[in-house]
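First to last, the protein sequences are chains A and B. Start counting the first sequence at 1; every next residue gets the next number (the numbering used here). Start counting the second sequence at 1; every next residue gets the next number (the numbering used here). The structure appears right after this line, and notes come after that.
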Amino acid sequence: MEKRTTLIGASVPRPDAVDKVRGEARYVDDLAFPGMLHVAVVRSPHPHAKVLSIDASKALGEPDVVCVVTHRDVPGANVVHVIYDDQPALADGVVRYIGEPVALVGAVSRRAARKATLEVRVEYEALPAVTDTRRALESGAPVICVPAAAEGGGNVFNRMVLVKGDVDTGFGQADVVVEGEYETGYQEHAYLEPQGAIAVPDEAGSMAVYASMQCPFYVQGAVAKALGLPLAKVRVVQTTTGGAFGGKEDVPSQIATLAALVAWTARRPAKLVLDRGEDVLTTSKRHPSRVHYRTGAKADGTITAIDVDVVLDAGAYQTLSSAVLWRSLVTAAGPYRVPNVHVVARSVATNTVPNGAFRGFGSPQVIFPHESQMDRIAERLGLDRAEVRRRNVLRPGDRTSTDHRIEESVGIAETLDRAVVLADWAERLSRVEAFNKTHADRHRGLGISCVLYGVGLGGKAPSLDKAGATMKLEADGSVTVAVGTVEMGQGLSTAILQVASEALGIPMERVHLAPMDTSRVPDGGPTVASRGTMMAALAVLDAARKLRERVVAVAREVGIPDAAAAERWSEIARAFWTRNVDPAVEGWAKTEPVSWDPTTGLGDAYPVYAFATHVAEVEVDLATGEAHVVDFAAAHDSGTILNRALAAGQVEGGIAQGLGFALSESIPQKEGRLVVNGLTTYRLPTIRDVPLNARVDFVEAAFPAGPFGMKGIGEVPLMAAHAAVARAVAHAMGRDPARYPLDPPYVRELLSASA
Amino acid sequence: MTSLELTINGARRVVDANPGDTLLEVLRRAGHVGVKKGCGSGDCGACTVLLDGRAVNACLVLAAKAEKRAILTIEGLANGDALHPIQEAFLDEGAVQCGYCTPGMVLSAYDLLSRNPTPSEGEIREAISGNLCRCTGYVKQIRAVQTAAERMRSGRNG
């Protein structure tokens, strides 16, 4: 592991924040190109229908309308390229969800484009729709998805199993068995900046794309496929991205493809930016889930077996569902040592908006169950809830549920101990009990949750776990760095600058991170799975090592001792230039080998795991059912922390998203229609809803193969937070919730059932 | 299209506007793209500007109603290179992540501190409760407003 000195761990302020506070950061909708058209999308009003005809003649007669694009105009493959290529870019003969793109209008103004969508006449013939996973799984249910994408047959996109040990034996050894059914609904990303992309026809028949995104190389692949261009002719530039949270993993491939189709047809730049209402209705969300969970434990609390059935509602097309489902499968046991494991996980097609990535990626759907089960075991056995977790958490040398023996960087027990101290668990528990004895109108509750989170893509997609970086010593001694993963608010760019300057031994002010551009760096995979900073930093370290070697050699040639290299950096840089030494290097990184056997589900699932324990205290108004978080403590093991303030920012933001998921965020779905009106009816946490007294700490169980010992953090806080909050509400009510969100109507329902 | 005369950040501008245009649309067309559109329905506060010194959602104000009134956008807050103390405090406290809510949040804080130089935590919460942030959990933003308030008070006293 690299030696860490002053910069690593320091709360260095983020350089990108200056433009942001001045209002000078440029997001995609702030950009314009000469002759640029605006794109509006004609969308399906039906959950499932045949498209009989599309008549664009009236729209084309409108002033300011330049083109109308349908599936017939797609020059390459008519798909939104993600994994299975089952989703058409523009519907061809059939639509499978409300909001599916059918045609595009390109016009000189956004207003004209929107207006003209109403003049595109589309004739439909309704088909039977399946909008519920229970119905979709019934024998005899109509198959509503593209059959080639349904690997599990019928409406089952994917079916995966995990079998370790023998669960019958495990349950035979158990003194207590608890069983529960858990459901979660939609969670909307609600990044403050809506989805948007601009496609710009470039020289020699190539296409440039400027967009808000997490995964420029996904967008490059998708646009190339739809336009029938070689990858080398598609250049993707990430614009300042106003939040993503997984929502800008796969969806920008669709948005950019649609913009590119208009740009290609009209041979003019074309911009597509979604309105908030359109964004919420038509883009991916967290997969709604149904999970059945059975746990066996001995009298001392030791878990002997789990048997889990997971059903995720994938929506109409595959997008990322197979990868999301895999994370549900391999995370189902949580951070616990479980000798006998049986998990069946299915992603199921319905005529609803396709679901995709959301911070946590299939894991909160199993975390709510595994933490509920843990509390119920504690209750049945009369054990303290923190203690029952302590007896089961993974220790170095243990094997995970996928039989992955993990030796290093296993800090879950330390996070548990730290969180218990930060929360003053035992003392707080007695205060809560005393409070409840003296208050008839309000009750308090305490919840604890422990999570494991695999960092990186893991055994399901090992070819994506790599990263590249370029580094160039300029003649004046400044250094240009470029990496293949992106800043989207989380702080990657600051951490990368810290790592680069630390590794080169020069001040941060001398290092500049170039904007993300696919023509500048090799395909380094997506900025997802809490991997972005870790992987890019590894590639930067590799580049810095190579550049340092050259710096040392050139310094020797001109008689500068190694020890003076930092002070005389400019002289050395000048010597590179005068002596014609190559000043550019490339760095490369890949993760440790991972594996996955699809028949058993076993393998070394991820290169490394992050861990966390959260403790939440809530107060529930017993009359209204309103729950409010009054205290919070969070302890994380994400290995070495590169920047403490930024890491704390990730945790504080994750807590807010987690409490939103547990308490207020939901979207009802009726016959394929999402019942929501943008941010007017979607209940995001506001500044009134969050705990401002959260104590956040890091235990830093270093990951030797990580940059300076770090591993990922991005998604982990949300994972731990929602379950801590939900279990705190459960404690306050004395009832076990079976679904999210624990909004006032559901809390009142539970309270009246217990009366 | 009609012409409107607006006073934006102290400068008089004549801008074209359709009858139904909101102040948000007109400001962005006039190049003030620091004013962000997050929802267009008054729910998120990203388009907050000051109209005669009071914070409003520019997406809920008809552009024509802003004539003859002083409009302050985020671009008008700093004095050249010198940031306003609120902007400084947002940097120092790490209150910025993706930055999309930042201009609106900063201007809501500006409105608050211009009326109330010593706000309580509850008053800060109240003042920026119309500004949604999905990244930060609001913790560092509250601290930033508190820090700005302290600095502005001591600046005035000194």
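All C-beta atoms in this analysis are idealised placements derived from N, C-alpha and C, irrespective of residue type, glycine included.
Residue i to residue j span [Cα, whole Å]
i, j, result
"Ser-570/A", "Asp-476/A", "6 Å"
"Val-366/A", "Pro-737/A", "14 Å"
"Ile-83/A", "Gly-9/A", "37 Å"
"Ala-112/A", "Ala-503/A", "53 Å"
"Ser-449/A", "Asp-375/A", "9 Å"
"Ile-667/A", "Ile-655/A", "20 Å"
"Asn-157/B", "Ala-82/B", "Interpretation of Asn-157/B is limited by its pLDDT of 40, a score under 50 that renders its predicted location unreliable; no figure is taken from the coordinates."
"Glu-75/B", "Gln-97/B", "19 Å"
"Asp-309/A", "Val-451/A", "19 Å"
"Ala-732/A", "Asp-743/A", "14 Å"
"Arg-389/A", "Gln-146/B", "39 Å"
"Thr-756/A", "Lys-546/A", "This structure cannot speak to residue 756/A, because chain A is shown only from 1 to 755."
Proximal residues to residue i (C-beta, below 7 Å), its chain only, five neighbours per side dropped
i, result
"Arg-673/A", "Ile-98"
"Asp-16/B", "Met-1 and Ser-3"
"His-189/A", "Phe-245, Gly-246, Gly-247 and Phe-358"
"Thr-257/A", "Val-80, Ala-89, Ala-222, Val-223 and Ala-226"
"Ser-328/A", "Val-310, Leu-312, Ala-345, Gly-362, Ser-363, Gln-365 and Val-366"
"Asp-19/A", "Ala-25"
"Pro-142/A", "Pro-128 and Val-130"
"Glu-407/A", "Pro-396 and Gly-397"
Rounded Cβ spacing between residue i and residue j (contact assumed at less than 8 Å)
i, j, result
"Met-516/A", "Gly-706/A", "22 Å between Cβ atoms; not a contact."
"Thr-304/A", "Gln-220/A", "Wrong, their Cβ atoms sit about 49 Å apart, outside the cutoff."
"Val-341/A", "Ser-401/A", "5 Å"
"Gly-649/A", "Gly-491/A", "7 Å"
"Leu-473/A", "Val-479/A", "6 Å"
"Ala-610/A", "Ile-496/A", "About 19 Å; that fails the 8 Å criterion."
"Ile-255/A", "Gln-318/A", "So it is not a contact: roughly 18 Å between Cβ atoms."
"Met-105/B", "Asn-131/B", "5 Å"
"Asp-202/A", "Arg-235/A", "7 Å"
"Phe-157/A", "Ser-321/A", "6 Å"
"Ala-314/A", "Ala-349/A", "6 Å"
"Thr-73/B", "Val-35/B", "5 Å"
Residue i CB to nearest heavy atom of the ligand COA below 7 Å
i, result
"Gly-678/A", "Although the ligand COA was asked about, the structure shown includes no ligands whatsoever."
Own chain partners of residue i with C-beta closer than 6 Å, once the 5 adjacent residues on each side are dropped
i, result
"Gly-170/B", "With chain B covering only 1 through 158, there is no way to say anything about residue 170/B."
"Ala-423/A", "Val-615 and Ala-633"
"Glu-123/A", "Leu-52 and Ser-53"
"Ser-440/A", "Just to set this straight, residue 440/A is Ala in the shown sequence, not Ser. Once the five neighbours on either side are set aside, Ala-440/A has no close Cβ partner at all."
"Arg-69/B", "Leu-51 and Asp-52"
"Met-508/A", "Leu-497 and Ser-501"
"Asp-523/A", "Phe-217"
Proximal residues of chain A, C-beta to C-beta of residue i below 7 Å
i, result
"Pro-103/B", "Gly-23"
"Cys-135/B", "Gly-243, Gly-489 and Gly-653"
"Ala-58/B", "Correct list: empty, because the minimum Cβ distance to chain A is about 13 Å."
Residues that residue i contacts on chain B, provided the C-beta gap is smaller than 7 Å
i, result
"Met-756/A", "A question about residue 756/A goes unanswered here, because the residues of chain A that appear run from 1 up to 755."
"Lys-20/A", "Val-96, Gly-99 and Thr-102"
"Ala-645/A", "Gly-94"
"Ile-667/A", "None at all; the shortest Cβ gap to chain B is about 15 Å."
"Asp-168/A", "Correct list: empty, because the minimum Cβ distance to chain B is about 45 Å."
Chain B contact residues for residue i, given Cβ-Cβ distances below 9 Å
i, result
"Val-42/A", "The contacting residues do not exist; Val-42/A stays about 20 Å from chain B at best."
"Arg-14/A", "Leu-91, Gly-94, Val-96 and Gln-97"
"Leu-679/A", "Gly-38, Cys-39, Ser-41, Asp-43, Cys-44 and Leu-132"
"Asp-29/A", "Arg-28, Val-33, Lys-36 and Lys-37"
Residues that residue i contacts on chain B, provided the C-beta gap is smaller than 8 Å
i, result
"Ala-723/A", "Going along chain B, no residue has its Cβ under 8 Å from Ala-723/A, so there is no contact; the nearest lies around 17 Å."
Contact set between residue i and chain A, taken where Cβ atoms lie within less than 9 Å
i, result
"Leu-83/B", "Val-18, Val-21 and Arg-22"
Contacting residues, own chain, Cβ-Cβ under 8 Å from residue i (five flanking each side not counted)
i, result
"Thr-302/A", "Arg-391 and Asn-392"
To test your reading of the DSSP string, which unbroken alpha helix (DSSP H) runs of 4 or more residues are found completely within the region 307 to 338 of chain A? Annotation note: the region 307 to 338 of chain A contains the following uninterrupted alpha helix (DSSP H) runs of length 4 or greater, listed N- to C-terminal: 321 to 331.
Identify every run of the alpha helix (DSSP H) within the region 389 to 422 of chain A, keeping only runs that are complete inside it and at least 4 residues long; order them along the chain. List check, alpha helix (DSSP H) in window: nothing returned.
For the region 678 to 732 of chain A, list the beta strand (DSSP E) runs that are entirely contained and at least 3 residues long, ordered along the chain. List check, beta strand (DSSP E) in window: 695 to 698.
Could you tell me which whole beta strand (DSSP E) segments of length 3 or greater appear in the region 196 to 276 of chain A? With a minimum length of 3 residues, the continuous beta strand (DSSP E) runs that stay inside the region 196 to 276 of chain A are 196 to 202, 206 to 211, 234 to 238 and 270 to 273.
Go through the region 606 to 657 of chain A residue by residue and report every complete run of the beta strand (DSSP E) that reaches 3 residues or more, in order. Inside the region 606 to 657 of chain A, DSSP marks whole beta strand (DSSP E) runs of 3 or more residues at positions 608 to 621 and 627 to 637, from first to last along the chain.
Quick check for students: name the residue ranges of the alpha helix (DSSP H) that lie wholly in the region 14 to 47 of chain B, counting only runs of 4 or more. Taking 4 residues as the minimum length, the alpha helix (DSSP H) runs contained wholly in the region 14 to 47 of chain B are 23 to 29, in order along the chain.
Taking only runs that begin and end inside the region 15 to 53 of chain A, name each unbroken beta strand (DSSP E) of 3 or more residues, in chain order. Annotation note: the region 15 to 53 of chain A contains the following uninterrupted beta strand (DSSP E) runs of length 3 or greater, listed N- to C-terminal: 37 to 43.
Please specify which runs of the beta strand (DSSP E), each continuous and at least 3 residues long, are wholly inside the region 37 to 99 of chain B, giving them in chain order. Within the region 37 to 99 of chain B, the complete beta strand (DSSP E) runs of at least 3 residues fall at 48 to 51, 54 to 57 and 70 to 72.
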